[in-house]
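Asks: First, the structure itself, so that you have it in front of you.
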Amino acid sequence: MSFRAAVLKLVKKIPRGRVATYGQLATLLGRPRSARAVGQALRRADGVPWHRVVNAQGGISRRSRMSGMMTQRILLEQEGIVFRRGRVVLVRFRWQGRRLNLFRNDGILRG
DNA sequence: TGGTTGACGACAT
DNA sequence: CATGTCGCCAACC
Numbered sequence: 017m018s019f020r021a022a023v024l025k026l027v028k029k030i031p032r033g034r035v036a037t038y039g040q041l042a043t044l045l046g047r048p049r050s051a052r053a054v055g056q057a058l059r060r061a062d063g064v065p066w067h068r069v070v071n072a073q074g075g076i077s078r079r080s081r082m083s084g085m086m087t088q089r090i091l092l093e094q095e096g097i098v099f100r101r102g103r104v105v106l107v108r109f110r111w112q113g114r115r116l117n118l119f120r121n122d123g124i125l126r127g
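And the structure:
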């Protein structure tokens with residue numbers, strides 16, 4: 017199981033109307049310093065609620081196409097998520113995921 | 001292998 | 001608050 021597969025699997029667990037941050041997901045995966053890699057994994061993700069992942073500020077991260085950012089915000093608002101000053105109100109909409117133990121003590125992914 | 005590339009994040013200015 | 005810098009790390013080539 018690749019890191020990317022683990023990320024997508026976790027993102028699928030984020031319920032409608034909630035969001036998670038890249039760093040949060042990385043931590044839940046047992047890789048607290050891989051926030052950036054989580055973003056990479058999400059770059060080409062289909063079939064997963066990718067729009068429910070925002071940055072540590074609650075903002076929508078930049079990417080190649082600006083339209084993608086617009087889309088993300090719209091999708092989130094359609095789920096009832098509220099933005100304030102361009103950011104998701106994390107204290108209210110952050111998903112509290114469960115810590116997974118997908119990694120063995122030698123750092124290799126289980127699976 | 002080894003270098004490059006980002007949908008990151010913590011800090012400094 | 002807005003930028004810039006720097007460390008990080010999985011994927012890709």
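Going from the first sequence to our numbering is simple: count from 1 and add 16. The C-beta atom is built at its ideal place from N, Cα and C for all residues, glycine as well.
Using alpha carbons as the reference points, say which of Ile76, Leu44, Gln94 and Glu93 lies closest to Lys15.
Replies: Residue numbering for the chain in the displayed model covers 17 to 127; residue 15 lies beyond these limits and cannot be assessed.
Asks: Which residue marks the beginning of the alpha helix (DSSP H) containing Ile90, and which one marks its end?
Replies: Met82 to Gln94
Asks: If you compare alpha carbons, which of Leu58, Gln73 and Arg101 is closest to Gly84?
Replies: Leu58
Asks: So, is Ile90 buried or exposed, given that buried needs 16 or more other C-beta atoms within 10 angstroms?
Replies: That one is exposed.
Asks: Taking its Cβ as the centre, do 16 or more other Cβ atoms sit within 10 Å of Val70, making it buried, or is it exposed?
Replies: buried
Asks: According to the Cβ coordinates, are Glu95 and Arg32 closer than 8 Å?
Replies: Yes, they are a contact pair.
Asks: Identify whether Arg20 lies in helix, strand or coil by the three-state DSSP scheme.
Replies: helix
Asks: If you drop the 5 nearest sequence neighbours on each side, which residues of the same chain put their C-beta closer than 7 Å to that of Ala72?
Replies: Excluding residues up to 5 positions away in sequence, Thr37 and Gly39 lie with their Cβ nearer than 7 Å to the Cβ of Ala72 in the same chain.
Asks: Taking buried to mean at least 16 other C-beta atoms within 10 Å of its own C-beta, is Gly16 buried or exposed?
Replies: Outside the displayed range of the chain (17 to 127) lies residue 16, so it cannot be described from this structure.
Asks: Trp111 and Arg20 - do their beta-carbons sit closer together than 8 Å?
Replies: no
Asks: Could you have a look at Val70 and say whether DSSP puts it in helix, strand or coil?
Replies: Reduced to three states, the DSSP call for Val70 is strand.
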